[in-house]
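Down below is the structure, laid out as structure tokens.
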Ligand code: BGC
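In our numbering, the protein residues as written are 2 to 752.
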């Protein structure tokens, strides 16, 4: 049996041998527990009081579920069936770190009899589709409160990898393809989680943008391009979210594993960005002691259960003793961990297990889902559905019992259990789990005097027969995506043929998509309505029904481009498919920072549905667009009026198009937006302050530099639907966020 909970005998012996370095017993006044001091001072005081053994306690984590293949048994103090555990130091008042996945709720790890039924938010991508940081914050606060009540004080949330490829199996955990949108929404969720005085991570740092070969693949990307895309999403999430921890990723970048990448961890994250928290590894993401420690890794997660060796156990002490890892670096690891525990309030406000108000939490999840559902097509105003329909056919996707969710470590076991058993792989990342939030019940409730009939959709002919005799047929189409595998853009299990068959039988067809991300829609021209509901979570059925019946406006907007085919993607074929599991390979991100709509714009490609797109049931008009530049501060203002007779939710978007010679990766970038709710006839004045980085390019000599010339400011309803344009002129090159100001030629920031 592998030792767990207690450090290895070798390490203990070495620590005893170095007992001379041990400080005296903790002073009677434990100054670090004084909440009036700042977290840095508290961390320093606690560090000074720690023995070497205590310091080493904090840098190694344990998996909290058994791994029979490795004869691994979790420490008894860990919360059963959870992601991880780091022992505390009772003598100093430092509690254990109890870690749980993930970004949509409190997950349960498989392999035990423990099942933790919890509320599931809609997928991360669904929350990004709300374009609403406020609901993202509230969702984060909700799942963070469930984490607390479940005895967890570290939540492995904050997935902010950019959607570089719509086939990435984990896109559902992330915030979309644009760095500003993803960074802002994920940051809000992280703030919500941490408002519970627990730590949230952001992950997986960095460039972990596909699952195929995720532990072996090597990413090649130009430095500036990385800064303007994936890294910018992290940077914004860190600035706005202030997460206690960053989880480094499995992949390699320029041949170096992310968890031992000095450039990523020390130079960029901790150096240039001045990140004060700690870096924890992804589970099984560490491959060395000295390289990882010296590169900036602070805590090895689930070491003995996942890594080849527990690198931050005895090997780290040996490396420290030999001087290959400086004692100061070990102190820095511990100081950073302590700082985050103090800064978030984790130490001052210890977690206590307690009751959860599942009803209230499901309602919040539903509100999030409602805001994230995107109305993609509404021919002949088929939607909203009338309450006078007499006969409605519901078809497919187990809509009679639930809504599908995404698989892998983020999987939440729903309250009430999985209503559809035995689907998908029996091992990780399966099985397929449905949230018992049935669209059928929610729709039938709204049509009390009508026949609402369900067909499983297994046989297209039977589904078509039901549709033929109905006023409206609603086909639920699903795509299960999961960690550890990438997806196809084609709906699985012949669902395209099912939709075609139903569309032939009835001209009034609505397709409700429950997908991890973009899918192809060969039947689009033959159906009336299309709703993208993503993985809608614990309140999914009600949320879908409320949008279908127009009880709320359709207010979601796409956080990701839907392509017409794989041929439009930067890599029509995913790299690494079919290679043996351990074979190293490289992915060249030749598109650089031109991710998603930027790629489509740059290449002049016409997407199926553009980034930012989503229909509403009402109408708005925009007026008075003004843009002014004060130094590097671009201020955009405009007015929005609800010109319809119903409540409208609208998300005006501002894009900035640089001068042709501006050197940016693509014709335009999203620079801001505002989500609005407007009563009939009501107006709103909107002001958006644009982050100067969104006008600039990353240049090694300085940092972000804004090129001179005329910039267009577009007020738009999607990346392909501009309503008004204004212009501003940058007179001379403007260095902003200069990392190396002495290298800057002109610095007009003071002007
Ligand atoms: C995933 C992480 C997750 C961890 C712990 C890894 O496989 O990549 O996102 O937090 O497992 O479950």
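Ideal placement from N, C-alpha and C gives every residue a C-beta, glycine not left out.
Just so we're clear, the structure is a prediction, and the values are computed from it rather than from any experiment.
Work out the CA separation of residue 208 and residue 232 for me, nearest whole Å.
Distance between the alpha carbons of residue 232 and residue 208 is about 8 Å.
I need the straight-line Cα distance from residue 487 to residue 408, nearest angstrom please.
Taking the straight line from one Cα to the other gives about 12 Å.
For residue 473 versus residue 424, is the C-beta spacing smaller than 9 Å?
Cβ distance not < 9 Å, so residue 473 and residue 424 don't count as in contact.
Do residue 53 and residue 87 count as a contact pair if the criterion is CB distance below 9 Å?
No, the Cβ-Cβ distance between residue 87 and residue 53 is not below 9 Å.
Given 8 Å as the limit, tell me if residue 299 has its C-beta closer than that to any heavy atom belonging to the ligand BGC.
False, no ligand heavy atom lies under 8 Å from that Cβ.
Since residue 704 sits in a beta bridge, which residues does DSSP pair it with?
700, 739.
How far does the alpha helix (DSSP H) with residue 261 in it reach, from first residue to last?
Counting along the chain, residue 261 falls outside any alpha helix (DSSP H), and DSSP gives it neither H nor E.
Helix or strand or just coil, what does DSSP make of residue 522?
If DSSP states are grouped into helix, strand and coil, residue 522 belongs with coil.
I want to check one thing, is the minimum distance from the CB of residue 1 to the heavy atoms of the ligand BGC below 8 Å?
Coverage of the chain is limited to positions 2 through 752, which leaves residue 1 absent and any answer about it impossible.
What is the DSSP secondary structure of residue 651, counted as helix, strand or coil?
It is a strand residue.
Pull up the DSSP beta-bridge partners for residue 379, would you.
Residue 379 is bridged to 530.
Could you give the uninterrupted runs of the beta strand (DSSP E) lying entirely in the segment 181-221, keeping only those of 3 residues or more?
The qualifying runs are 200-206, 218-221.
Tell me the DSSP secondary structure of residue 636 in three-state form.
Three-state DSSP puts residue 636 in a strand.
Out of 85, 691, 50, 377, state which residue places its alpha-carbon closest to the alpha-carbon of residue 638.
Closest option to residue 638, Cα to Cα, is 691.
Looking only at DSSP bridge pairs, what is residue 1 linked to?
Because the chain here runs from 2 to 752, residue 1 falls outside it and cannot be looked at.
Within 8 Å: the Cβ of residue 309 and any heavy atom of the ligand BGC?
No; taking the cut-off as 8 Å, the Cβ of residue 309 has no heavy atom of the ligand BGC nearer than that.
Less than 9 Å between the beta carbons of residue 370 and residue 541, yes or no?
Against a cut-off of 9 Å, the Cβ pair of residue 541 and residue 370 comes out as a contact.
Name, in chain order, the residues that DSSP records as bridge partners for residue 437.
Answer is none; residue 437 lacks a bridge partner.
Could you check how far apart the C-beta atoms of residue 153 and residue 185 are, in whole angstroms? I think they sit under 8 Å.
That belief does not hold up - the Cβ atoms of residue 153 and residue 185 are roughly 25 Å apart, past 8 Å.
Following the continuous beta strand (DSSP E) through residue 102, name the residue where it begins and the one where it ends.
Counting along the chain, the beta strand (DSSP E) containing residue 102 begins and ends at 98-102.
So who's on the other strand from residue 483, going by DSSP bridges?
DSSP output for residue 483 lists 408 as bridge partner(s).
Given a threshold of 16 other Cβ atoms within 10 Å of its Cβ, counted over all protein chains shown, does residue 39 qualify as buried or as exposed?
Answer is exposed; the Cβ neighbour count stays below 16.
Using the rule of at least 16 other Cβ atoms within 10 Å of the residue's Cβ for burial, across every protein chain shown, is residue 586 buried or exposed?
Classification for residue 586: exposed.
How far does the beta strand (DSSP E) with residue 312 in it extend, from its first residue to its last?
Counting along the chain, residue 312 falls outside any beta strand (DSSP E), and DSSP gives it neither H nor E.
Which runs of the beta strand (DSSP E) spanning at least 3 residues fall entirely within the segment 464-515, listed in chain order?
Complete beta strand (DSSP E) runs here, min 3: 473-479, 510-515.
Hey, out of 615, 458, 225, whose CA is closest to residue 702's CA?
Comparing Cα-Cα distances from residue 702 to each of 615, 458, 225, the minimum goes to 225.
Among the residues of its own chain, which have a CB less than 6 Å from the CB of residue 141, if the five just before and after it don't count?
Here the set comprises 190, 193, 194.
Ordered along the chain, which non-local residues of its own chain (more than five positions away) have a Cβ less than 8 Å from that of residue 27?
Unreliable placement is indicated for residue 27, whose pLDDT of 48 sits below 50; the coordinate value is still reported in the next sentence. Same-chain partners within the cutoff: 50, 92, 93.
Short check: CB of residue 57 to CB of residue 331, under 9 Å?
Cβ distance < 9 Å, so residue 57 and residue 331 count as in contact.
DSSP puts residue 85 in a beta bridge; with which residues?
Its beta-bridge partners are 100.
What do you reckon, is the C-beta of residue 288 under 8 Å from a heavy atom of the ligand BGC?
It does not: the Cβ of residue 288 is nowhere closer than 8 Å to a heavy atom of the ligand BGC.
Do residue 202 and residue 167 come within 9 Å of each other at the CB atom, strictly closer than that value?
It is not a contact, given that the beta carbons lie outside the stated cut-off.
Can you give the beta carbon distance from residue 205 to residue 143, rounded, assuming they're within the 8 Å contact cut?
Actually they are not in contact, since the Cβ atoms of residue 205 and residue 143 sit about 23 Å apart, beyond 8 Å.
Tell me whether residue 72 sits in a helix, a strand or coil according to DSSP, three-state version.
Three-state result, residue 72: coil.
Assign residue 456 to one of three DSSP states: helix, strand, or coil.
Of the three classes helix, strand and coil, the one that applies to residue 456 here is strand, per DSSP.
Please classify residue 174: is it buried, with 16 or more other beta-carbons within 10 angstroms of its beta-carbon, or exposed?
Residue 174 comes out buried.
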